[in-house]
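Reviewing the structure listed below.
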Amino acid sequence: MKLTIRRRYSFGSGGVHELNTAAAWDEIRSRGDVFGLPETREGWLSEAASRDEFERRAEAVVCVARGLEARSVSSYGVGTAYLEQWLTVVAPDLELICTDFAPRAVARLGAHFPEARVVLHDLQAEAPLNADLHLLHRLDTEFSDEAWPPIFARFDRPVVVLASEFLRPRVVARELATRCRHPRATKAGWLRTEGALRGLWSASHDDQRIDADLPAYLLLPRREGVLVPSPDICSLPLADGRQKGRSRRAAQMTHRSLCWFA
Ligand SMILES: C[S@@+](CC[C@H](N)C(=O)[O-])C[C@H]1O[C@@H](n2cnc3c(N)ncnc32)[C@H](O)[C@@H]1O
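Residue numbers for the sequence shown follow the numbering used here, beginning at 1 and rising by one.
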């Protein structure tokens, strides 16, 4: 079923009306709460280190990168970039580009994160950067059903999508409760069922599900001459680190068996 609804979020006092501009995101990143970007590198590293879920997600992304023999990863709308910080721990050899369109947050992150190239970049207005693998971590909420397809169509290299969550009955209930309890809650993007999410890229990409703690997909551009991995490329680590059905080594060997379909 394809269903998309607007998301509302109550940031409490000092929230913004709608999270749809760089200025609004800069406002959120300047807060001292969980959404803020810590003022010092030490604070930022310590926050990243305390978040195990980002380590596991980074391992899932690196597993795909290794399978595709990618040497560079470009991540969009990185925000606080805790996942990307973990990427540099799990795979320090990968060249990493981090982008976001919020200028003050990008400037602060650039100072914290010398291991990556941190770039001011508007994903809706600009073409993707040059990289072997692209990463969209919880960006699904940011654009409408009309805005996403032309953005995906510009990606001509593989993309890993880690979506924020699927729209399920319990999420609908949460959204209704937010609207009742906080009528002035911030408009914070969109939530989608699995069908609606996959519909965002179905005109330009084929997808494979990746095992991760979030809804996750590897997208491959659907055009002649693209690199198509063997079907089990995404037998990736489960959220608890176990390999699905076989050893990590065996999985990595399969990942190398890529083939070209002209
Ligand atoms: C929901 S947050 C996700 C942040 C981060 N990827 C994460 O999962 O923690 C969305 C991020 O996308 C950024 N963003 C929104 N619109 C954007 C655009 N047009 N171009 C680039 N970044 C954008 C925001 O500044 C924000 O940091």
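Heads up, the beta-carbon is just placed ideally off N, CA and C, and yes, glycines get one too.
In DSSP terms, what residue i is bridged to
i: Leu162; result: His137 and Ala216
i: Ser72; result: Glu95
i: Tyr9; result: Thr186
i: Leu120; result: Asp100
i: Glu18; result: Lys187
i: Arg192; result: Thr4 and Phe166
i: Arg56; result: The partner list for Arg56 (beta bridge, DSSP) is empty, contrary to what the question assumes.
i: Gln208; result: Leu218
Contact test: residue i Cβ vs ligand 1 heavy atom, cutoff 8 angstroms
i: Glu18; result: no
i: Arg29; result: yes
i: Leu146; result: The sequence as given places Glu at residue 146; Leu does not occur at that position. For ligand 1, not one heavy atom lies less than 8 angstroms from the Cβ of Glu146.
i: Arg117; result: no
i: Tyr217; result: no
i: Ser74; result: no
i: Phe101; result: yes
i: Asp52; result: no
i: Asp33; result: no
i: His134; result: no
i: His112; result: no
i: Thr40; result: no
i: Ser164; result: yes
i: Gly79; result: yes
CB of residue i within 9 angstroms of CB of residue j, strictly
i: His134; j: Ser204; result: no
i: Arg192; j: Leu3; result: yes
i: Leu37; j: Gly67; result: no
i: Thr99; j: Val119; result: yes
i: Trp86; j: Phe54; result: yes
i: Ala22; j: Ala102; result: yes
i: Asp93; j: Arg71; result: yes
i: Phe155; j: Leu219; result: yes
i: Gly189; j: Arg31; result: no
i: Gly77; j: Leu136; result: yes
i: Phe143; j: Pro215; result: no
i: Arg157; j: Ala116; result: no
Proximal residues to residue i (C-beta, below 6 angstroms), its chain only, five neighbours per side dropped
i: Val90; result: Ala58, Glu59 and Val62
i: Arg138; result: Ser164
i: Trp201; result: Phe152 and Leu219
i: Gly199; result: Lys2
i: Ala49; result: none
i: Arg256; result: Because Arg256 carries a pLDDT of 31, less than 50, the predicted location of this residue cannot be relied on, and the following value inherits that uncertainty. So the list is empty, once near-sequence residues are dropped.
i: Asp206; result: Leu220 and Arg222
i: Gly245; result: Interpretation of Gly245 is limited by its pLDDT of 36, a score under 50 that renders its predicted location unreliable; no figure is taken from the coordinates.
i: Leu129; result: Ser74 and Ile97
i: Arg41; result: His112
i: Asp26; result: Ala102, Arg104 and Ala105
Contacting residues, own chain, Cβ-Cβ under 8 angstroms from residue i (five flanking each side not counted)
i: Leu176; result: none
i: Gly241; result: Annotation note: pLDDT 39 at Gly241 (below 50); position unreliable, no value reported.
i: Pro169; result: none
i: Arg29; result: Phe35, Gly36, Leu37, Gly79, Thr80, Ala102, Arg104, Ala105 and Arg108
i: Glu146; result: none
i: Arg179; result: Arg8 and Ala185
i: Ala127; result: Arg154
Own chain, CB closer than 7 angstroms to residue i, minus 5 neighbours either side, in chain order
i: Gly195; result: Met1 and Lys2
field: Touch test, the region 144–162 against the region 123–130, Cβ-Cβ under 8 angstroms, three pairs minimum
entry: yes
Contact the region 157–176 vs the region 206–226: 3+ CB pairs below 8 angstroms: yes
- request: Specify whether the region 6–15 and the region 174–188 touch according to this definition: at least 3 beta carbon pairs, one from each stretch, less than 8 angstroms apart.
  value: yes
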